[in-house]
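**Student:** Read top to bottom, the protein sequences are chains A and B.
According to the numbering used here, the first sequence is numbered sequentially starting from 10.
According to the numbering used here, the second sequence is numbered sequentially starting from -9.
Note that the Cβ used here is the ideal one computed from N, Cα and C, for glycine as well.
The structure's right below; bear with me while I get my questions together.
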Amino acid sequence: MQSQVMVEVRDLAKTFKGKNGDDIQAVKGVQLDIRRGEIYSLLGPNGAGKTTTISMISGLLAPTRGDARIGGHSITREPLQAKQLLGVVPQEIALYPTLSARQNLDFFGKMYGLTGTELSRRVDEIVDFIDLRERQNDRIETFSGGMKRRVNIGVGLLHKPQLIYMDEPTVGIDPQNRRRVLDTVQRLQQEMGMTVLYTSHLMEEVQEISDRIAIIDHGEIIAEGTLGELIQQIGEEDRLTFKVGTQSVPDALLAQFKQEVEGVTSAVYERHDVTNGESETLAQVDGIVTIMAKRGRKALPDLLRIADDAELDVLSVEVREPDLEGVFLHLTGRALRD
Amino acid sequence: MRKIIDIAINDLRIVFRERGIWINLLVIPIILSVVIGLANGAGASSDTASTGPSILIDVIDEDSSPLSGQFLDELRAANANFVLCPLDNNNGDVCQLGGNTFDAAQAETRLREQTSLALLELPAGFSAALESGTNVSIVYRSNEEATAPSYILQAVQATVQRFGASIVAGRVGGQVVADLPGTALGDAERAQLVADIRQRAQTILNDQPSVVNAVIGTPQEAATANDGGFNQSVPGIATMYVMFAIFPAAVALMTERKQGTLQRLVTLPLTRAQILGGKMLARFLLGMLQYAIVFVFGYFLGVRYGSDPVALGLTMVLFALCITALTLALSTLLKNENQAGAITLLLTLTLAPLGGAWWPLEVVPDWMRTIGHISPVAWAMDSYSSLIFHGGGLADVLPYLGVLAALTIVFFLFGVIRFRIE
Ligand SMILES: Nc1ncnc2c1ncn2[C@@H]1O[C@H](COP(=O)(O)OP(=O)(O)O)[C@@H](O)[C@H]1O
Ligand SMILES: [Mg+2]
Chain A
10 MQSQVMVEVR
20 DLAKTFKGKN
30 GDDIQAVKGV
40 QLDIRRGEIY
50 SLLGPNGAGK
60 TTTISMISGL
70 LAPTRGDARI
80 GGHSITREPL
90 QAKQLLGVVP
100 QEIALYPTLS
110 ARQNLDFFGK
120 MYGLTGTELS
130 RRVDEIVDFI
140 DLRERQNDRI
150 ETFSGGMKRR
160 VNIGVGLLHK
170 PQLIYMDEPT
180 VGIDPQNRRR
190 VLDTVQRLQQ
200 EMGMTVLYTS
210 HLMEEVQEIS
220 DRIAIIDHGE
230 IIAEGTLGEL
240 IQQIGEEDRL
250 TFKVGTQSVP
260 DALLAQFKQE
270 VEGVTSAVYE
280 RHDVTNGESE
290 TLAQVDGIVT
300 IMAKRGRKAL
310 PDLLRIADDA
320 ELDVLSVEVR
330 EPDLEGVFLH
340 LTGRALRD
Chain B
-9 MRKIIDIAIN
1 DLRIVFRERG
11 IWINLLVIPI
21 ILSVVIGLAN
31 GAGASSDTAS
41 TGPSILIDVI
51 DEDSSPLSGQ
61 FLDELRAANA
71 NFVLCPLDNN
81 NGDVCQLGGN
91 TFDAAQAETR
101 LREQTSLALL
111 ELPAGFSAAL
121 ESGTNVSIVY
131 RSNEEATAPS
141 YILQAVQATV
151 QRFGASIVAG
161 RVGGQVVADL
171 PGTALGDAER
181 AQLVADIRQR
191 AQTILNDQPS
201 VVNAVIGTPQ
211 EAATANDGGF
221 NQSVPGIATM
231 YVMFAIFPAA
241 VALMTERKQG
251 TLQRLVTLPL
261 TRAQILGGKM
271 LARFLLGMLQ
281 YAIVFVFGYF
291 LGVRYGSDPV
301 ALGLTMVLFA
311 LCITALTLAL
321 STLLKNENQA
331 GAITLLLTLT
341 LAPLGGAWWP
351 LEVVPDWMRT
361 IGHISPVAWA
371 MDSYSSLIFH
381 GGGLADVLPY
391 LGVLAALTIV
401 FFLFGVIRFR
411 IE
């Protein structure tokens, strides 16, 4: 009987040397267990340490401390056995641009130890799976971003790995291709029984596909569990967002929201400056007040009245049911988006 | 091993998709070999340029007999490039006599100045002595420089032996015929005759009629007479273009690091040795292909690569290995593609002329020749020059090959220890 645990990560840590000599603690002792056949997501903002964590699990980076075991094989002590179980979909497209899709698949297939008819059969299957049969003999450099991403994923599936990791596979592609990638992830689990380790900074997609989620911030896992378990941690709070444009919001007003309105647990103001690319002149300022409240709809009239009294012009209002964004905000006091 | 070869094949496939690869591999090196060869004097010495350099051997034939003439014919036949002066002088004055002949003293000077590479004196009474079976000395003198090649002495010795043996055989035959009693021989007589011939041959061979005295002259400046032309430009340009073929591996590694394929390779079930081995094998093979292309073309230009194919092959392999290892070492010091491209171009354009790829190091001042030997190119060119110009063999080029091998090991260790993929 195979163990139920596919990946065991124990006290994994990585410290980089920064430019001026000081240490950058990118990952600080991560601990997690991924079960066979589940989609497990690492959710965290940019710079949280997702890529660094996954690079250590895949043997690309040597950990400063700790270890990871894939199917029982230590990535530091039995790297070849561990890597044989692992399919990799790196965050950046990692393909040979001047070779065709098929040549890329062929080459990486050989590197996984596939040969002869088995290799060509697998490449055929993958080409169909990523829906690129017609374009398989065209050079990668002629492909659109979405097509490249599909080949990038295909390479990781060639040897039918038990575990596949995908590092932000939806970054920088259009909604249609993003949909396709998410569907692919779910098909991998359902049709092929693979275990998937998925990373993203987008809570919507993580929420949609994951069986279990770990939230990572500043190199540490700050919460882990199913979506339901995570949302329970914040006690079913609703999230209200007020758009306020260029107006500034004093801290006193935020404090007032918290004190005077029943059920409000936090109120945060954030400014998003949008600059014109070339000239770097300020094109637009988006001010947003995010408020967490139990039964948000009931709290809304009071909040708007207080804002009105303070001469804050609320341009739009949104009320959302409990979600991961709320969990993150609750745990860190910051919004997940950058 | 399988995976190393697959990585190498994949890398070569990528290389051959580069635009202009055949221009770099085929067109430019061939044009340069021709142009630089012509500039260095190929074709200038009109009648011999196409068959190789003339090797001037001064001859003082005091005997001037049919037999001494025969001996010289034999010697000529030993090497197509031998020119016996003054006998073989032509309208182009290949012997550089300026219309005169020379006496023994002048011949000495010609030897010292390396106008000629060897001096052969056949004494008066050469044929008489041979016929009577008494000892005779041919005097062979050469300049001790590496450019006074041992193969001239070897040719003379071989000629002496062959010539001596034929005289012996003739005399044995003659004597046997003379002693024949004209009628049919009985078994006993035949046996007696065979024994007789054997005994006489033995006797005659025991006083071998010729002894060669090699008199080594005083070394002077290195010879430059025959260094020009395609014999210099073909190995020179080939060697430079082997660097142009291999060094871009450093750029390719930077590209692969940037495009993430190198990192992906690390996450596959491969060892670091397999990855690096495959990449280096690809470039080594490309370097050898470059050598083959220019050398084959050089063959059609009339370049002959000496008589030791093993030594030639080893020189090619060791130089290509050395540059491959240097590339690996270099790539651990480089940061990005542009820097890699600039530095490897600069390095090629420094190491090539410094090491004698553009002109023979024999023509540069001593101090420059010494400095030039920091370039691996110099050691390879020393070896080619010994093999192609001077008829050297493996034993002669072993020191050069040793240096190339040592450099290879140093670069390789440096590269392997320092190489980081992430
Ligand atoms: N090679 C490196 N050298 C120095 N710092 C690094 C290196 N790679 C990542 N970091 C730093 O480590 C932190 C985590 O990065 P990363 O793992 O890429 O985050 P994520 O993938 O979650 O966006 C960041 O602060 C990043 O700047
Ligand atoms: Mg990342």
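Does ligand 2 have even one heavy atom less than 8 Å from the beta-carbon of Glu214/A?
**Tutor:** No, Cβ of Glu214/A sits at least 8 Å from all heavy atoms of ligand 2.
**Student:** According to the neighbour-count rule (16 or more other Cβ atoms, all chains shown, within 10 Å of its Cβ), is Gly131/A buried or exposed?
**Tutor:** Checking the displayed sequence, the identity of residue 131/A turns out to be Arg instead of Gly. Per the 10 Å Cβ criterion, buried.
**Student:** Under the DSSP definition of a beta bridge, which residues are partnered with Thr204/A?
**Tutor:** According to DSSP, which records beta bridges pairwise, Thr204/A is partnered with Leu172/A.
**Student:** In angstroms, rounded to a whole number, what distance separates the CA positions of Val256/B and Phe409/B?
**Tutor:** Taking the straight line from one Cα to the other gives about 13 Å.
**Student:** Leaving aside the five residues before and after Arg329/A along the sequence, list all residues of the same chain whose C-beta is less than 6 Å from its C-beta, in chain order.
**Tutor:** These residues qualify, in order along the chain: Arg248.
**Student:** Any heavy atom of ligand 1 within a distance shorter than 8 Å of the CB on Gly237/A?
**Tutor:** For ligand 1, not one heavy atom lies less than 8 Å from the Cβ of Gly237/A.
**Student:** At a cut-off of 8 Å, would you count Asp322/A as near ligand 2, judging by its Cβ distance to the nearest heavy atom?
**Tutor:** Checking the Cβ of Asp322/A against ligand 2 gives no.
**Student:** Asn0/B: buried (16+ other C-beta within 10 angstroms of its C-beta) or exposed?
**Tutor:** Asn0/B should be labelled buried.
**Student:** Does the distance from the C-beta atom of Gly154/A to that of Asp115/A stay below 9 Å?
**Tutor:** Not in contact: Gly154/A and Asp115/A (Cβ atoms no closer than 9 Å).
**Student:** May I ask which residues mark the beginning and end of the beta strand (DSSP E) holding Val73/B?
**Tutor:** Where Val73/B is concerned, the enclosing beta strand (DSSP E) stretches over 72 to 75.
**Student:** If the cut is a Cβ gap below 8 Å, which residues of chain A does Ile4/B touch?
**Tutor:** The answer, in chain order, is Tyr105, Thr107, Leu108.
**Student:** If you follow the beta strand (DSSP E) that Leu128/A is in, where does it begin and where does it stop?
**Tutor:** Per DSSP, Leu128/A belongs to no beta strand (DSSP E); it is in the alpha helix (DSSP H), 125 to 138.
**Student:** If I follow the unbroken alpha helix (DSSP H) through Tyr231/B, where does it start and stop?
**Tutor:** Run containing Tyr231/B: 220 to 236, per the alpha helix (DSSP H) assignment.
**Student:** What residue does the beta strand (DSSP E) around Phe251/A start on, and which one ends it?
**Tutor:** First-last of the beta strand (DSSP E) with Phe251/A: 246 to 254.
**Student:** If I follow the unbroken alpha helix (DSSP H) through Phe116/A, where does it start and stop?
**Tutor:** Counting along the chain, the alpha helix (DSSP H) containing Phe116/A begins and ends at 110 to 120.
**Student:** Please identify the residue among Ile297/A, Gly296/A, Met301/A, Gln293/A whose C-alpha is closest to the C-alpha of Thr274/A.
**Tutor:** Per the Cα distances, Met301/A.
**Student:** When Cβ atoms are compared, which residues of the segment 19 to 49 of chain A fall closer than 7 Å to chain B?
**Tutor:** Taking 7 Å as the Cβ-Cβ cut-off against chain B, none of the residues of the segment 19 to 49 of chain A qualify.
**Student:** Determine the direct distance from the alpha carbon of Ile231/A to that of Leu340/A, and round the result to whole angstroms.
**Tutor:** Spanning the two alpha carbons is a distance of roughly 8 Å.
**Student:** For the 8 Å Cβ check, are there 3 or more pairs between the segment 253 to 264 of chain A and the segment 16 to 23 of chain B?
**Tutor:** Taking 8 Å as the limit for Cβ pairs, the verdict is that the segment 16 to 23 of chain B does not touch the segment 253 to 264 of chain A.
**Student:** Does the distance between the C-beta of Ala35/A and the nearest non-hydrogen atom of ligand 1 fall short of 8 Å?
**Tutor:** Indeed, a heavy atom of ligand 1 lies less than 8 Å from the Cβ.
**Student:** For the segment 13 to 22 of chain A against the segment 35 to 49 of chain A, do three or more pairs of beta-carbon atoms, one drawn from each stretch, fall closer than 8 Å, so that the two count as touching?
**Tutor:** Flag = yes, the segment 13 to 22 of chain A and the segment 35 to 49 of chain A touch.
**Student:** So what does DSSP say about Leu109/B, is it helix, strand or coil?
**Tutor:** Residue state, collapsed to three classes: strand.
**Student:** Leaving out the 5 sequence neighbours to the left and right, which residues in its chain are closer than 8 Å to Gly122/A when beta-carbon positions are compared?
**Tutor:** Around Gly122/A: Gln93, His168.
**Student:** Counting only Cβ-Cβ distances shorter than 9 Å, please list the residues of the segment 122 to 146 of chain A near chain C, keeping chain order.
**Tutor:** The question asks about chain C, but that chain is absent: this structure's protein chains are A and B.
**Student:** Buried or exposed for Arg111/A, please, with buried defined as at least 16 other CB atoms from any protein chain shown within 10 angstroms of its CB.
**Tutor:** When all chains shown are included, Arg111/A counts as buried.
**Student:** Decide if Leu239/A is buried, meaning its Cβ has at least 16 other Cβ atoms within 10 Å, or exposed.
**Tutor:** With 16 or more other Cβ atoms within 10 Å, it is buried.
**Student:** Which whole-angstrom value is the C-beta distance of Arg314/A and Gly296/A, which I expect to be below 8 Å?
**Tutor:** At roughly 19 Å, the Cβ-Cβ gap does not stay under 8 Å, so Arg314/A and Gly296/A are not in contact.
**Student:** I think Thr314/B touches Gly268/B, with their Cβ atoms under 8 Å apart; what is that distance to the nearest whole Å?
**Tutor:** With a Cβ gap of about 12 Å, Thr314/B and Gly268/B do not count as contacting.
**Student:** Considering only DSSP beta bridges, list what Phe25/A is partnered with.
**Tutor:** DSSP lists Ile33/A as partners of Phe25/A.
**Student:** In the structure shown, what three-state DSSP assignment does Ile411/B receive?
**Tutor:** Residue state, collapsed to three classes: coil.
**Student:** Using a cut-off of 8 Å between C-beta atoms, extract the partners of Gly219/B located in chain A.
**Tutor:** Going along chain A, no residue has its Cβ under 8 Å from Gly219/B, so there is no contact; the nearest lies around 40 Å.
**Student:** Whole angstroms is fine: what's the gap from Glu87/A's alpha carbon to Ile66/A's?
**Tutor:** Using only the alpha carbons, I get a separation of about 12 Å.
**Student:** If you measure from the beta carbon of Val164/A to each beta carbon in chain B, is any gap under 9 Å?
**Tutor:** Output row for Val164/A: interface = yes.
**Student:** Taking all protein chains shown into account, decide if Leu324/A is buried (16 or more other Cβ within 10 angstroms of its Cβ) or exposed.
**Tutor:** With fewer than 16 Cβ atoms within 10 Å of its Cβ, Leu324/A is classed as exposed.
**Student:** Where does Thr299/A sit, in a helix, a strand or coil, going by DSSP?
**Tutor:** Three-state DSSP puts Thr299/A in a strand.
**Student:** Which first and last residues belong to the beta strand (DSSP E) in which Glu327/A is found?
**Tutor:** Its beta strand (DSSP E) spans residues 325 to 329.
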